[in-house]
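Going by this note's numbering, the letters in the sequence shown line up with residues 60 to 517, in that order. By construction, the Cβ of each residue, glycine as well, lies at the ideal position given by its N, Cα and C atoms.
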Amino acid sequence: MSFEKNILCIGAGYVGGPTMAMIAYKCPQYRVTVVDIDPERIAQWNSDDLPIYEPGLEEIVKAARGKNLFFSTEIEAGIRESEIIFVSVNTPTKTFGAGAGMAADLQYWDKTARQIRKYSKSNKIIVEKSTLPVKTAQAMERILTSADNGIRFDVLSNPEFLAEGTAIKDLQDPDRVLIGSTQTPNGLKARDVLVEIYSNWIRRERIITSNIWSSELSKLVANAFLAQRISSINSISALCEKADADVEEVARAVGMDSRVGNKFLNASVGFGGSCFKKDILNLVYLCRHYDLKEVADYWEGVVRINDYQKERFILNMLNIMFNTLANKRICLFGFAFKSDTGDTRESPAIFVAKRLIEEKARVVITDPKALKNAMKDLESIAGEIAYVEDPYEASAGCSAIAVMTEWAIYADLDFKKIYRSMDKPAFIFDGRNILDHKKLFEIGFNVFPIGKPGLTHF
Ligand code: NAD
Ligand code: UGA
């Protein structure tokens with residue numbers, strides 16, 4: 060069967076996999092191939108046990124896989140046979156050399172550009188899907204055209220805005236799709252090809268175009284603004300705890316102003332995920348590079364408040380539990396960085412678990428989807444850590460429960476049964492404000508939400 064377009068995606072991760080599955084599902088006329096250097100990941104994409112958990116993902120992968128959606132390790136063939144290549148490799152924070160701990164590590168992206176140059180035999184449109192520092196498209200173009208072999212590469216920026224846990228919904232019905240291109244005739248022609256792909260299922264007015272540098276920068280700024288809202292409300296949660304105010308009431312009053320809006324104002328133990336911290340630090344690094352110290356300091360504050368919030372959570376636990384956690388069993392409800400995903404990258408639970416172990420507590424971790432990743436995250440930590448899928452079993456014999464992830468199942472548990480099985484006095488630290496605090500207090504728990512007065516029997 061011949062297809063209208065051959066699309067390749069390099070990088071079969073949390074973005075590449077779901078994004079390409081959606082394109083294939085919505086556009087049976089295109090052949091979509093996703094390649095990765097990690098053969099194990101590709102084998103999982105080809106199996107019944109997909110490498111990532113995401114509601115609705117399995118259904119669309121199964122509907123398209125083997126028809127017009129293919130997962131493969133054949134990078135060379137994939138590059139040769141495609142006209143459009145999405146690059147969706149990881150761009151973590153650099154851990155070495157200049158910019159360590161701040162700048163984006165571009166080695167995977169650089170390697171990909173060189174592979175594309177090496178194996179291409181015909182003109183291609185290259186789409187930056189990964190989140191990259193502004194001006195990366197220029198570097199990409201320089202690498203690609205350095206072979207001087209007459210092959211034309213048009214580089215576009217098309218950042219991804221999906222959030223994990225709602226990736227399929229976000230891809231199906233995005234607030235916007237952003238496509239940045241150079242404003243040359245070739246750049247605009249390439250842009251229109253990508254607009255046409257998305258137009259298969261997204262209304263035209265939701266597909267916005269811009270110059271390529273604005274597009275690259277918009278992605279970093281969008282994440283910085285979202286994270287800033289969380290740090291703003293988290294900073295106020297600390298004040299609420301001192302002033303006997305209730306952060307949810309404050310957030311509701313502030314968020315009902317339509318100029319502010321009510322989303323992303325849930326106070327928490329801190330934001331996690333692979334991108335917020337890395338993208339803000341990347342933005343900060345860029346600002347410092349351009350000598351914009353005040354701007355850099357301003358955005359760095361968002362990350363500082365997040366670190367402060369996580370540390371505050373632990374210090375509160377320590378203080379409230381009579382200044383010692385040594386030998387106490389503490390159960391973490393949830394380990395994923397948010398609900399509806401098994402992803403634990405930068406999860407506040409990693410920080411909390413490590414700090415509890417430092418205090419010589421015994422840690423029990425329960426999570427419906429993230430236990431495998433939790434074990435990997437904590438494998439180098441010497442200390443007593445147990446992994447138990449059933450929350451009743453996990454919390455039995457514990458002195459405290461700390462809610463780390465807002466999994467809906469936790470709100471519906473039988474807390475009378477849990478209370479009976481725990482060591483007394485029993486504490487609950489609700490790092491996500493998802494439980495019925497008054498009811499828990501009436502059962503007998505000492506309850507400490509975020510940004511609200513604690514309910515204690517002492
Ligand atoms: P990921 O680590 O899950 O996936 C990246 C994949 O790229 C890995 O499987 C890796 O093996 C592969 N890879 C690396 N170098 C390669 C190469 N040379 N050839 C082939 N494969 C290669 O990362 P992710 O979460 O999918 O993120 C990818 C990019 O998208 C990042 O820039 C991230 O900032 C951005 N992003 C992520 C999300 C998210 O929710 N995770 C959302 C929007 C944007
Ligand atoms: C975020 C953005 O929402 C996406 O638009 C973006 O594409 C993505 O980063 C990315 O670039 O990787 P994600 O990190 O998957 O998506 O999930 P979010 O829903 O943004 O949550 C991030 C963290 O903030 C989670 O730990 C969540 O629990 C926390 N959060 C969120 C709060 O603590 N309070 C809130 O009100 C909202």
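Shown here, residue 300 sits in a helix according to DSSP, grouped into three states. Straight-line measurement puts the Cα of residue 252 at about 14 Å from the Cα of residue 236.
For residue 160, the distance from the CB to the nearest heavy atom of ligand 1 is not below 7 Å. Distance from the CA atom of residue 506 to the CA atom of residue 452, rounded to whole angstroms, is 20 Å. For residue 187, the enclosing beta strand (DSSP E) covers residues 183-187.
Between ligand 2 and the CB of residue 297, the shortest heavy atom gap is not smaller than 7 Å. In the DSSP annotation of this structure, the continuous segment of the alpha helix (DSSP H) that includes residue 335 starts and ends at 335-348.
Bounds of any beta strand (DSSP E) do not take in residue 124, whose DSSP letter is neither H nor E. Here residue 242 is exposed: its Cβ has fewer than 16 other Cβ atoms, across all protein chains shown, within 10 Å.
By the C-beta criterion, the segment 115-124 is judged not to be in contact with the segment 148-159, since fewer than 3 inter-stretch pairs fall below 8 Å. In the DSSP assignment, residue 487 falls within the unbroken beta strand (DSSP E) covering 486-489. Separation of residue 179 and residue 222 (C-alpha to C-alpha, rounded to the nearest whole angstrom) is 32 Å. In this structure residue 481 is buried. Its beta-carbon is surrounded by 16 or more other beta-carbon atoms within 10 angstroms.
Taking 8 Å as the cut-off, the Cβ atoms of residue 238 and residue 203 do not count as close.
Counting only runs of 4+ residues, the alpha helix (DSSP H) found wholly inside the segment 92-165 occupies 98-104, 116-123, 134-140, in chain order. Residue 273 carries a helical assignment under DSSP once its states are collapsed to helix, strand and coil.
In this model, residue 440 and residue 272 are separated by some 42 Å (Cα to Cα). Taking residue 199 as the centre and dropping the five residues before and after it, the same chain places the C-beta of 172, 214 closer than 6 Å to its C-beta, in chain order. Boundaries of the alpha helix (DSSP H) around residue 499: 496-502.
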